[in-house]
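For reference, the structure is listed below as structure tokens.
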Amino acid sequence: MSDVPGTVVVAGAYVATVDTSGTEHPDGYVVVRGNRIVDVGAGPAPEIEGARVVDGRGCLLTPGLVNTHHHLYQWITRGLAADDNLFDWLTTLYPIWAGVDADAVRTAATGGLAWLAKHGCTTTTDHHYVVPRNGGDVFGAEIEAARTVGLRFHPSRGSMDLGRSRGGLPPDSVVERLDDILTGTQDVVDRWHDPSPDSMLRVAVAPCSPFSVTADLLTEAAALARSAGVRLHTHLAETVDEQDFCLDRFGCTPVQYLERLGWVGPDVWYAHAVHLDDVAITTLTGTGTGVAHCPTSNARLGAGIARARDLHAAGVPLGLGVDGAASNEACNMLEEARHAVLFARARGGPREMTVRTALELATIGGARVLGRDDELGSLEPGKLADLALWRIDTLAHSGITDPVAALALGATAPLELLLVNGRAVVERGRVITVNEDDVAAEVEQAHRALVRKAG
Ligand SMILES: [Zn+2]
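Per this note's numbering, residue 836 is the first one in the sequence shown, and the count goes up by one each step.
This is how it looks when you write it as structure tokens:
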């Protein structure tokens, strides 16, 4: 088919709309015209002349998945420090990451984005916080990759300014000066941020974490983001080590520290938020601050299990994130949904999280974290045409009674079709916007070159 969005009818599928009523149509259809959903319903699909009709029998149709935390450049540094905790893992990886440049980031991002698409993700964030002085335009490079692969993209201009000599964790060689960060951040916002309703690209501002940035940077970054009308993002409350760092250095918990600096509100979302007390959850609830729950990465680094049920029950905007590929080699949003359910139950018992809540977190929950739940995250007329059609009639899933349980608890389902903004990005399990084999070879080369550079 042409990749120019036309009219697409998905017919005969089990449709899980993930609307506010949880409407599901066991034999339903969705009609897409251009980049929008125009009709969703039960029974036979309407006949529309000239439309592409996709046979959805044997398939589950869901909203496209929304990934609320990632570090795409890490796609070329997977499998390192495989058995370490966060601080040791970071200490191993910082010197390697110091060698990234625009070409490496373009290759890594193309690989990471293609892989996300192949597993049903239609919108992804990125948090890029390693910006070497002679590395070229790393943000332009990942944005180019997102346009090539065809995903809706929310990159954030990350940063670090607290090197080891000043009590931070990263070596001084990978941190930037505060003024350079602010100038560079404003530049990324001015060049790339698109606030329009159908936007394929929105920028956020994202100093890295309490142990790698100064309070001055956090304060100035918040002022910059608010004057530009963009969102704020950072890592927070990921590990006990980080909590100890904050108690020791600032005399308060990570959430109290950020609250003190103005880093709460409906325009802010944190990655991880694993170690929260009840006071912190009340703060997030009262301010509308969002959370990217990253269960796989938190488990890979032994950081802990976030209080996802409590956050969800309290009404905190809650989405899922794969986190960077260096702490989650799989980077598969369906695995995040599965792990969210399983870890919640392992932590708190069988009633902690339903499979439908997991699907909600992976779709409309993530859209809400990004402030886009009026346009993304559910299958409803008027919403943007981001949708995933999963095969559930193969050996992996046939005979599982409930299609949503099949998706959330079963093996990763093959993706029959992925539409992003009405455009096909994946067809019958293959990414069609790039050549997967070529990208894999380029990733291998970029990985070797980067590790060699670190010596
Ligand atoms: Zn992260």
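Just so you know, even glycine gets a beta-carbon here, dropped at the ideal spot from N, CA and C.
Query: R1037 (DSSP reduced to helix, strand or coil); Result: coil
Query: Which residues DSSP lists as bridging Y864, in chain order; Result: G876
Query: Pair within 8 Å by beta-carbon distance, D936 and G971; Result: yes
Query: Proximity of D1158 and H904 at Cβ, strictly below 8 Å; Result: yes
Query: Contact check, L1177 vs L1242, beta carbons under 8 Å; Result: no
Query: Alpha carbon of V875 to alpha carbon of H1128, nearest angstrom; Result: 30 Å
Query: Contact check, G985 vs T1268, beta carbons under 8 Å; Result: yes
Query: Stretch pair the stretch 1243–1263 + the stretch 926–941: three plus CB contacts closer than 8 Å; Result: no
Query: Heavy atom of ligand 1 within 7 Å of H1128 beta-carbon; Result: no
Query: Separation of E1171 from E802, as counted between CA atoms; Result: For residue 802 there is no data in the structure shown, the boundaries of the chain being 836 and 1290.
Query: Span of the alpha helix (DSSP H), counted from its first residue to its last, around F1178; Result: M1168 to G1183
Query: Cross-strand partners of W1225 (DSSP beta bridge); Result: L895 and L1250
Query: Distance between D1025 and S1062 (C-alpha atoms, nearest Å); Result: 12 Å
Query: Through-space distance from L1013 to E882, alpha-carbon basis; Result: 59 Å
Query: Host alpha helix (DSSP H) of C1081 (start-end); Result: V1075 to F1085
Query: Cβ pair I872, K1218 closer than 8 Å; Result: yes
Query: Within the stretch 1088–1136, ranges of the alpha helix (DSSP H) (whole runs, at least 4 residues); Result: 1089–1095, 1113–1122 and 1130–1135
Query: Residues near M836 by beta carbon distance below 7 Å, same chain, minus five either side; Result: Bear in mind that the predicted position of M836 carries a pLDDT of just 42, short of 50, making it too unreliable to give a figure here.
Query: Three-way DSSP call (helix, strand, coil) for T1268 in this model; Result: coil
Query: Euclidean distance between Cα positions of V1010 and S994; Result: 7 Å
Query: Status (buried if at least 16 other CB within 10 Å, exposed otherwise) for N1256; Result: buried
Query: Unbroken alpha helix (DSSP H) run spanning D1015, endpoints; Result: L1013 to W1027
Query: contact_flag[the stretch 1109–1117, the stretch 1039–1055] where n(CB pairs < 8 Å) is 3 or more; Result: no
Query: Of the listed residues L1052, E1262 and P1089, nearest to H1070 (C-alpha basis); Result: P1089
Query: Selection from E1073, V1023 and P967 that minimises the alpha carbon distance to D996; Result: P967
Query: C1166 burial status per 10 Å Cβ neighbour count (16 or more: buried); Result: buried
Query: Residues near P1101 by beta carbon distance below 6 Å, same chain, minus five either side; Result: G1123
Query: Secondary structure of G1257, DSSP reduced to three states; Result: coil
Query: Under the three-state DSSP convention, the category T926 falls into; Result: helix
Query: Distance CB(A944)-CB(A976) smaller than 8 Å; Result: yes
Query: Alpha helix (DSSP H) segment containing G947, residue limits; Result: A937 to K953
Query: For F988, the three-state DSSP class (helix, strand or coil); Result: strand
Query: Alpha carbon of L1205 to alpha carbon of M1035, nearest angstrom; Result: 13 Å
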